[in-house]
Amino acid sequence: MDVSAFADENFNPVEWINKMYTSAPPAETEKNKEQFQLSLLKKLQVYTHQVSNALEDSSQKVCMPQIKCSVCGKILEYFVPKVLQHLPQVFRDAEQLNQEALLLKEKMHSVKEELANAEQNTGHSMAALEKIDQLKTNLQAAKQALHEVDNWTILVTQFEENFEKSDLSAMASKLVSMQKSLRILATAPDVEAKQLQLEGLKNRLEAKASPSLVQAFTTGSLGESKKLVDVFNSIERLPQLLKYHHKCQEKNLYQKLKELAEQEQDESADECLRRVYDATLASWAEQARWCSEVFPDTPCLNILLPLFADLLVALEPSISSCIGSALSHEDCIAALTDLRQVTKGFGAKLNLAVDGMMQDCTLDADMILALAQAVNAPWVIGVQRYGELEKPRLLAVISQTESLTLEDRVQMFGQTKVIDLTSAAVSRCMKLTDGCGAAGLLHAIEAFTEKYISIQIQTLEELLKEKSENEDWTLFKMCLSMLQSSGELMVQLEELDNLISNNLRQLLKHVSAPSTSAAEKFDELLLTPDGRSNLHLLMDKAYKGDIRCNISTVYEISVVRGSFIGSASEKWNKPVLNSAQNGS
C-alpha cells in the first residue's frame, strides 16, 4: 500500500481510494467491493496503530528514529506528521463512500424493478394497440367494400354506356376498375356472382372488338394492332387475342401460298416447290418482325411455331400435288429425290431461323417437333410407297433378259453385278427417305433377287436340257460361266445383307442419340406409328445381326446348283468335272 500520497498538500482521499482499488490485483477486487474496502480500512488502522506506537517511542528520544512500515516496507520518518493530520479525513471519506455505494445499490435495484414493470405494461399496451389497429383495418376494409359495392354498380352502368358508343378503350378502363374492385371484394358473399358478371362483360367486349381485330390483323395495321393488344392485355385476355391472331394470319397466309402453289405456269415441280417454300420463309421473316413490335412481352417463337406448323399442315394437299407431279417422270425416284432435297433445304433454313430466335426464350421440344412434322408431312405417303416405286425399277433391269437367247443370257449373268444394282437402290433409299423406307426397300430387293435367281435357275435348267452324247465345249463354257455366276451371287447377297444392316445400325444410332434435334428424328417425321414400329423392329434386328434378306432364295439356288453339278458329272468325265468344280 502506497501511503506517500498522504504527504501531498492536495491530498484527495477519494482519488487515493479509487487508485488503490484499480491498482489492486483483480483477484481481490472481483470478489466483493465491500470486502476490499474493509480490508483497506484494516490496513489503514494497522498503519495508524504503528504510527501511534512510533510517536510514543519517539517522544522518549531526542532524535526521531526511522520508522519502517510493516505493510509496504518504506521509511516513514519524514511524512508521519502529515499522515496523522489526514487520517481522520480518510476515515470519514471511506465511511461516506461506503454509504454512497449502498445507496447506489438500492437505487439500481429500484430502477431494475421499474424497468420490469414498464416492460410488462408495454406488452399489454402493444397488444391493445394491435387489436385497435386490426379493428381500424377491418373498419376501413368494410368502408372500402361498401364504397366498391356502390362503385361496382356505377362502373357497370358506365360500361353499358361505352358499349353503346363502341369505345373499346373506355370499356377496357371500366373493366380494369372492376377487376380492382373485385380484388377488394374478395371476401364478399356475392363475389362469385360478380366474377361471373365481370367475365360476361369481358366476353361482350371481346365480341365487340372482333371485327376490329380481324381488320387490323388482316391489313397489318401496326398502330391499331398495338392498341387492341393493350386493351386485351389490360383485361387479362391476351391469350384469346393471340388465338384471333393465329386464325387470321393462318387464313391470310394459307390463301396467299395456296394461290402461289396452284398457279398454272410452265415450270417444273422443283421450281413450283421452291417458289412456295421461298414465300413461306419470307412470310416467316415478316411475321417475326411484326410480332416483335405488336407483342413485345410474348416470345415470338411461341406465336410463330404453332402458326407455321398449322399453315404447312393446311398446305399439305397443295404441296403433295406439286410433289405428286414428279411421279409422271420416267425416273420418278430421281425426280422425287430432287424434290426431297428442296424440302430438306427449306427445313434447314427454317431451323436456322428458329435457332436465331431461341437465345432469349426456352421452348418445348414438342413445338419444334410439330413444325418439323408439318414440313415433312407431304413425304409420309411417299416413304410408305417407296417399295412400290423401287421394285419396278429393279425388276426392269432383269426382266429384259427373259427375251434374250440362252447364250446372251449366260453372258449377261456373267457381266451383271447384283451388289452394284442393290447398292444403288440402298443409296436411293437413303437420299429419298433418310433410311425410313428400309422396309419397302427390303421387299423390293427380295423381289428383285427372287426374280434374278429364278431366271438364273431357269437358265441352268435349260443348260441341262442342252446336254448331248457329243462333247460341246461351247455348252461347257456356258455351264462353267453360270456356275461361277451363281457362286458370286451367293457372296454378293451376303455383302448386301451386311450393307443393309450397317445402314440400319447407323440410322438407329442417329435417331436414338440425345444430341439429335427434333428436326432430325426422321423416324418421327416420315413414318406413321405402324411404320415407325416396323422400322424400329428392323433396326433392332440389324443391331443384333439378324438381318438375312434372301435365305430361301440362296438355299434354292444352292440346291439347283448342286443338282446341276451332279447332272453335269454324268455327262463329262472325271477330269472335266473337276475342272468345272475348280472353276466354280
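End of the sequence shown sits at 1535 in the working numbering; the numbers just go up one at a time, nothing left out. Just so you know, even glycine gets a beta-carbon here, dropped at the ideal spot from N, CA and C. Computed from a prediction, not measured in an experiment: that's the story for all the values here.
Euclidean distance between Cα positions of residue i and residue j
| i | j | result |
| --- | --- | --- |
| valine 1442 | glycine 1388 | 25 Å |
| leucine 1320 | tyrosine 1205 | 21 Å |
| valine 915 | leucine 1314 | The structure shown does not extend to residue 915, since the chain is modelled only from 952 through 1535, so no value can be given for it. |
| asparagine 1524 | glutamate 1412 | Because asparagine 1524 sits at a pLDDT of 45, beneath the cut-off of 50, its placement in the model cannot be relied upon, and the point is left open. |
| phenylalanine 962 | valine 1062 | 35 Å |
| leucine 1256 | alanine 1265 | 14 Å |
| phenylalanine 1110 | leucine 1133 | 16 Å |
| leucine 1414 | serine 1437 | 14 Å |
| cysteine 1014 | leucine 1006 | Note that cysteine 1014 scores 42 on pLDDT, short of 50, meaning its location in the model is unreliable; the coordinates nonetheless yield the value given after this. Roughly 12 Å separates the two Cα atoms. |
| methionine 1429 | glutamate 1222 | 51 Å |
| glutamate 1213 | leucine 1263 | 15 Å |
| lysine 1087 | lysine 1177 | 44 Å |
| aspartate 1385 | phenylalanine 1473 | 7 Å |
| threonine 1249 | leucine 1147 | 28 Å |
| isoleucine 1332 | glycine 1338 | 11 Å |
| leucine 1106 | aspartate 1118 | 14 Å |
| threonine 999 | methionine 1059 | 35 Å |
| isoleucine 968 | lysine 993 | 13 Å |
| aspartate 1084 | alanine 1078 | 10 Å |
| glycine 1307 | cysteine 1251 | 11 Å |
| leucine 1278 | serine 1378 | 19 Å |
| leucine 1546 | threonine 1108 | Beyond the ends of the chain as shown, which are 952 and 1535, falls residue 1546; an answer cannot be given. |
| aspartate 1141 | leucine 1126 | 18 Å |
| alanine 1144 | serine 1185 | 21 Å |
| phenylalanine 1246 | serine 1276 | 41 Å |
| arginine 1218 | glutamate 1267 | First, the amino acid is wrong: residue 1218 is glutamate here, not arginine. Computed Cα separation, rounded: 20 Å. |
| glutamate 1446 | histidine 1196 | 57 Å |
Nearest neighbour of residue i, chosen from the options [CA to CA]
| i | options | result |
| --- | --- | --- |
| aspartate 1229 | Val954, Pro964, Glu1187 and Lys1295 | Lys1295 |
| leucine 989 | Leu1048, Ala1375, His1000 and Ser1452 | Leu1048 |
| leucine 1224 | Gly1074, Lys1209 and Ala1236 | Lys1209 |
| asparagine 1203 | Arg1379, Glu1187, Leu1192 and Leu1258 | Leu1258 |
| valine 954 | Pro977, Leu1301 and Val1002 | Val1002 |
| leucine 1489 | Pro1465, Gln1457 and Asp1248 | Gln1457 |
| lysine 1159 | Val1127, Ile1186 and Phe1114 | Phe1114 |
| glutamate 1187 | Ser1128, Gln1085 and Asp1141 | Ser1128 |
| aspartate 1448 | Lys1495, Phe1427, Ser1468 and Ile1408 | Lys1495 |
| leucine 1303 | Ala1470, Pro1162, Trp1330 and Arg1344 | Ala1470 |
| isoleucine 1404 | Ala1285, Cys1380, Leu1346 and Asp1359 | Leu1346 |
| glutamate 966 | Glu1267, Asp1044, Leu995 and Tyr998 | Asp1044 |
| glutamine 1050 | Ala1079, Glu1267, Tyr1195 and Glu985 | Glu985 |
| phenylalanine 1297 | Thr1410, Val1227, Lys1145 and His1075 | Val1227 |
| leucine 1164 | Arg1336, Gly1307 and Lys1194 | Lys1194 |
| histidine 1394 | Arg1344, Phe1427 and Ala1144 | Arg1344 |
| aspartate 1371 | Glu1439, Glu1267 and Gly1307 | Glu1439 |
| valine 1041 | Leu1054, Pro1162, Pro964 and Thr1073 | Pro964 |
| leucine 1149 | Pro1465, Thr1169 and Thr1104 | Thr1104 |
| isoleucine 1254 | Lys1198, Arg1336 and Asn1453 | Lys1198 |
| leucine 1455 | Val1462, Leu1434 and Ala1493 | Ala1493 |
| isoleucine 1270 | Ile1284, Val1293, Leu1055 and Ser1463 | Val1293 |
| phenylalanine 1364 | Asn1072, Leu1434 and Met1318 | Leu1434 |
Residue i and residue j closer than 8 Å at C-beta
| i | j | result |
| --- | --- | --- |
| isoleucine 1274 | alanine 1328 | no |
| valine 1361 | serine 1432 | yes |
| alanine 1325 | alanine 1260 | yes |
| isoleucine 1406 | threonine 1352 | yes |
| tryptophan 1241 | glycine 1171 | yes |
| glutamine 1200 | glutamine 1238 | yes |
| leucine 1444 | threonine 1400 | yes |
| leucine 1392 | glutamate 1341 | yes |
| isoleucine 1349 | lysine 1402 | yes |
| alanine 1398 | leucine 1486 | no |
| leucine 1459 | valine 1334 | no |
| glutamate 1244 | leucine 1173 | yes |
| threonine 1288 | lysine 1416 | no |
| alanine 1375 | isoleucine 1396 | no |
| leucine 1192 | leucine 1179 | yes |
| phenylalanine 987 | alanine 975 | yes |
| lysine 1131 | leucine 1232 | no |
| leucine 995 | methionine 971 | no |
| threonine 1425 | leucine 1357 | no |
Test: residue i CB closer than 8 Å to a CB of chain D
| i | result |
| --- | --- |
| lysine 1153 | Here chain D cannot be found, since the structure has a single protein chain. |
Hey, is the region 1120–1138 in contact with the region 1148–1157, meaning 3+ C-beta pairs nearer than 8 Å?
-> Under the 8 Å Cβ criterion, the region 1120–1138 counts as touching the region 1148–1157, having at least three qualifying pairs.
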